[in-house]
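Q:
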Amino acid sequence: MEGEHICGWCGSSECDWAVYGGELQKTAARLVDTLSRKRRRNPVMRAILRRKYIYMKTGSMSRAVPECVRRGLVNNWPDESMVSDLY
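Mapping the sequence shown onto our numbering, position 29 (from 1) lands on 1019, and the numbers just tick up by one.
The following block contains the structure:
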């Protein structure tokens, strides 16, 4: 189709991060204070948000997420080792 945008990460015609990322970020903002151990916060946050994404998209709680969603989660909630490498 003319004018159709293909996601550069997952190859889908509709990027799931563009569709669901905003809602996932809102959920994360509500959860951030409840996750007590800062060192483990981002991996736990990504796991919770992966489950929420899968549920919003499919109604199921377990499936693989597309690359665009995985990258969106890692970019927003990186592992501590990734953050310390940047600074």
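Ideal Cβ placement from N, Cα and C applies to all residues, glycine included.
Would you call the CB atoms of residue 1042 and residue 1014 closer than 8 Å?
A: yes
Q: Return the CA-CA distance between residue 995 and residue 1069, expressed in angstroms with no decimal places.
A: 30 Å
Q: Under the three-state reduction of DSSP, which class applies to residue 1007: helix, strand or coil?
A: helix
Q: How about residue 1062: is its C-beta nearer than 8 Å to some C-beta of chain C?
A: Among the chains in the structure shown there is no chain C, since it carries only a single protein chain.
Q: Would you report the Cα separation of residue 1053 and residue 1039, rounded to the nearest angstrom?
A: 13 Å
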